[in-house]
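If you're matching them up, the sequences are chains F and Z in order.
Position 23 of the first sequence, counting from 1, maps to 23 under our numbering, and the rest follow consecutively.
Offset between the second sequence (1-based) and our numbering: plus 155.
Presented below is the structure to which this report refers.
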Amino acid sequence: MKPRHRRMMLIVAAVGTFSVAVILVLFAFQKNLVFFFTPSQVMAHEAPQGRPFRVGGMVTTGSLKRLADGVSVQFSVTDTAQTMNVLYKGVLPDLFKEGKGVVVEGALQGEAFVASQVLAKHDENYMPPEAADALKKAQETNARATQTLAPLAKP
Amino acid sequence: MSSATPNQALIGSRWFKYASPATFYPLAGTLAPWFAVLSLLLFGLGLYISFFVAPTDAQQGEAYRIIFIHVPAAWMSMVIYLAMAFWAGLGLAFHTRLSGMMASALAPSGALFTVIALWTGAFWGKPTWGAWWVWDARLTSELLLLFLYLGFMALQAAIEDPRRADRAGALLALVGVVNIPIIYFSVQWWNTLHQGASVSFTRAPSMAMTMLEGMMVMSLACWAYVFAVVLWRVRKIILIRERNSDWVRQLQQKGVL
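Here you go:
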């Protein structure tokens with residue numbers, strides 16, 4: 001083997017080994033790299049106790065309520081398995097919507113999660129409003145068809 | 156006689172002819188303007204599609220249009236790093252002079268696109284997420300990429316002897332390569348605020364066709380820009396490093412420089 005080929009092999013091997021090592025370390029620290037916890041994790045007491053953390057999930061449809069003081073809101077965050085109530089005083093981001101993703105930062109006070117910051121988490125789908133409407137209509141039609149067919153499907 | 160030294164064998168093959176700075180210098184000079192023109196045309200077309208052809212997004216309204224610069228810049232920041240590490244590694248293994256110069260020429264462009272990606276990301280994050288910056292895995296690893304570029308440039312600038320500077324820089328560049336898959340896969344591996352990829356190798360893109368076209372044309376424009384700028388930059392680096400060689404003196408005597 002020529003020296004320059006040996007050097008190249010050494011470099012490739014060194015970079016490979018180093019990469020594997022770093023990736024293993026990162027996976028070992030998986031918990032610390034998590035940006036938010038899901039409501040299920042919080043219910044299972046996997047979220048840190050006694051210090052602020054973030055909860056991420058979907059805003060439950062129909063759960064958003066404005067409180068009497070006019071600036072506080074209440075809504076619940078769900079990962080479809082578990083649901084948590086969130087209290088927040090402040091301005092909600094533009095993309096905050098029921099049925100859409102959200103990440104809230106704060107701490108548990110009794111049963112409710114009191115948020116100091118609310119971040120909207122949007123998805124990676126981009127489409128014109130007409131396409132979004134068409135998609136919504138198709139879903140509604142589908143749902144209606146399922147409902148109509150459901151009694152027939154019963155034995 | 157078959158006793159050609161490795162170096163002669165390298166120069167003998169047609170491909171490696173351009174590994175010599177003396178032959179690459181004029182080639183780069185010929186190619187750079189073409190890439191510059193191509194880049195201008197593509198930027199024109201890309202911006203036109205981005206602003207006038209691509210439809211408003213159903214979810215984010217007009218704010219999403221920042222994607223047309225944000226995503227190409229973020230892609231470039233990663234691709235340029237891989238290219239830089241490739242050339243640095245090649246130089247380390249084969250002791251080819253031009254490789255180190257290519258790596259040095261790529262670094263500033265990579266840093267520029269990383270800054271653009273972070274900056275436009277902040278502008279996008281504020282209206283959509285509600286925050287300029289969050290310490291999630293995607294944003295943090297991209298910031299680390301900026302520090303890798305800055306570290307590479309600072310390290311090279313700190314060492315007087317270009318060959319030693321190349322070797323030290325190459326080590327840093329190669330060690331940093333591990334960050335690239337981390338940036339790319341961060342949104343899959345961990346819970347992040349940053350959304351997943353709209354365009355990936357494994358499935359159909361999740362965006363309207365004209366939006367995708369705009370983004371792709373803008374990406375090609377960035378590629379062409381980087382080719383043009385890096386070729387011009389590497390010419391300057393070649394001249395500086397080879398200033399005592401015969402071929403540069405000949406150019407000077409001819410009055411070309």
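Beta carbons: idealized from backbone N, C-alpha and C, even for Gly.
Being a predicted model, the structure only gives us computed values, none of them experimental.
Residue from the options with nearest C-alpha to residue i
| i | options | result |
| --- | --- | --- |
| residue 385 of chain Z | Z/188, Z/309, Z/178 | Z/188 |
| residue 253 of chain Z | Z/292, Z/177, Z/346 | Z/177 |
| residue 273 of chain Z | Z/344, Z/262, Z/349 | Z/349 |
| residue 258 of chain Z | Z/317, Z/292, Z/291, Z/209 | Z/317 |
| residue 366 of chain Z | F/46, F/126, F/12, F/20 | F/126 |
| residue 179 of chain Z | Z/410, Z/270, Z/387, Z/408 | Z/387 |
| residue 302 of chain Z | Z/270, Z/285, Z/291 | Z/270 |
| residue 70 of chain F | F/91, F/48, F/19 | F/91 |
| residue 218 of chain Z | Z/331, Z/408, Z/281, Z/175 | Z/281 |
| residue 207 of chain Z | Z/199, Z/214, Z/213 | Z/199 |
| residue 230 of chain Z | Z/359, Z/405, Z/353, Z/407 | Z/353 |
| residue 228 of chain Z | Z/328, Z/372, Z/323, Z/306 | Z/372 |
| residue 338 of chain Z | Z/315, Z/306, Z/295, Z/358 | Z/295 |
| residue 68 of chain F | F/88, F/79, F/82, F/59 | F/88 |
| residue 361 of chain Z | F/103, F/105, F/132 | F/132 |
| residue 342 of chain Z | Z/293, Z/374, Z/211, Z/382 | Z/293 |
| residue 86 of chain F | F/35, F/123, F/124, F/42 | F/42 |
Cβ distance (whole Å) where residue i is taken to contact residue j below 8 Å
| i | j | result |
| --- | --- | --- |
| residue 265 of chain Z | residue 376 of chain Z | No, residue 265 of chain Z and residue 376 of chain Z are not in contact; Cβ-Cβ is about 17 Å, not under 8 Å. |
| residue 393 of chain Z | residue 233 of chain Z | Residue 393 of chain Z to residue 233 of chain Z, Cβ: 26 Å. No contact. |
| residue 72 of chain F | residue 84 of chain F | Contact flag wrong, Cβ pair sits at about 17 Å. |
| residue 465 of chain Z | residue 288 of chain Z | Past the boundaries of the shown model lies residue 465 of chain Z; chain Z is included only from 156 to 412, so the question cannot be answered. |
| residue 8 of chain F | residue 248 of chain Z | 4 Å |
| residue 308 of chain Z | residue 262 of chain Z | 5 Å |
| residue 194 of chain Z | residue 380 of chain Z | 4 Å |
| residue 119 of chain F | residue 184 of chain Z | Residue 119 of chain F to residue 184 of chain Z, Cβ: 49 Å. No contact. |
Cross-strand partners of residue i (DSSP beta bridge)
| i | result |
| --- | --- |
| residue 118 of chain F | F/104 |
| residue 66 of chain F | F/73 |
| residue 112 of chain F | F/109 |
| residue 57 of chain F | F/102 |
| residue 87 of chain F | F/74, F/114 |
| residue 380 of chain Z | DSSP output for residue 380 of chain Z lists no bridge partner at all. |
| residue 37 of chain F | F/55 |
| residue 126 of chain F | Z/362 |
| residue 216 of chain Z | Z/212 |
Per-residue burial, residue i [other beta carbons within 10 Å of its own, 16 or more giving buried]
| i | result |
| --- | --- |
| residue 160 of chain Z | Bear in mind that a pLDDT of 49 at residue 160 of chain Z, under 50, signals an unreliable position, so the number given afterwards is only what the model happens to contain. Exposed: under 16 other Cβ atoms inside 10 Å. |
| residue 130 of chain F | exposed |
| residue 37 of chain F | buried |
| residue 121 of chain F | buried |
| residue 181 of chain Z | exposed |
| residue 109 of chain F | exposed |
| residue 116 of chain F | exposed |
| residue 39 of chain F | buried |
| residue 147 of chain F | exposed |
| residue 334 of chain Z | buried |
| residue 3 of chain F | exposed |
| residue 370 of chain Z | buried |
| residue 10 of chain F | exposed |
| residue 297 of chain Z | buried |
| residue 153 of chain Z | In the structure as shown, chain Z starts at 156 and stops at 412, and residue 153 of chain Z therefore has no counterpart that could be examined. |
| residue 101 of chain F | buried |
| residue 24 of chain F | exposed |
| residue 345 of chain Z | buried |
| residue 355 of chain Z | exposed |
| message | Using a Cβ-Cβ cutoff of 9 Å, what residues of the region 69–90 of chain F are near chain Z? List them in chain order. | response | The region 69–90 of chain F vs chain Z, Cβ under 9 Å: nothing.
| query | When you check each C-beta in the region 200–228 of chain Z against every C-beta of chain F, which residues fall closer than 9 Å? | reply | Within the region 200–228 of chain Z, the qualifying residues are 209, 210, 211, 212, 213, 214, 215, 216, 218, 219, 222.
| message | Can you pull out the residues from the region 125–144 of chain F whose beta carbon lies closer than 7 Å to at least one beta carbon of chain Z? | response | Cβ contacts with chain Z: 125, 126, 127, 128, 129, 131, 132.
| Contact residues within the region 338–355 of chain Z, judged by C-beta distance below 7 Å to chain F | For the region 338–355 of chain Z, which is checked against every Cβ of chain F, the residues closer than 7 Å are 345, 346, 347, 348, 350, 351, 352, 353.
| field | Contact residues within the region 51–64 of chain F, judged by C-beta distance below 7 Å to chain Z | value | Per Cβ criterion, the list reads 56.
| request: Mind checking the region 101–127 of chain F against chain Z and listing, in chain order, the residues whose C-beta falls within less than 8 Å of any C-beta there? | output: The residues in question are 103, 117, 118, 119, 120, 121, 122, 123, 124, 125, 126, 127.
| request: May I ask you to list, following chain order, the residues of the region 323–334 of chain Z that have a beta carbon less than 8 Å from some beta carbon of chain F? | output: Listed in sequence order: 329, 330, 332, 333.
| query | In the region 357–374 of chain Z, which residues sit with their C-beta less than 7 Å from some C-beta in chain F, listed in chain order? | reply | Residues of the region 357–374 of chain Z that bring their beta carbon within less than 7 Å of a beta carbon in chain F comprise 361, 362, 363, 366, in sequence order.
| When you check each C-beta in the region 265–284 of chain Z against every C-beta of chain F, which residues fall closer than 8 Å? | Listed by position along the chain: 282, 283, 284.
| request: Scan the region 3–16 of chain F for residues whose Cβ lies nearer than 7 Å to a Cβ of chain Z and list them as they occur along the chain. | output: Answer set for the region 3–16 of chain F: 4, 7, 8, 11, 15.
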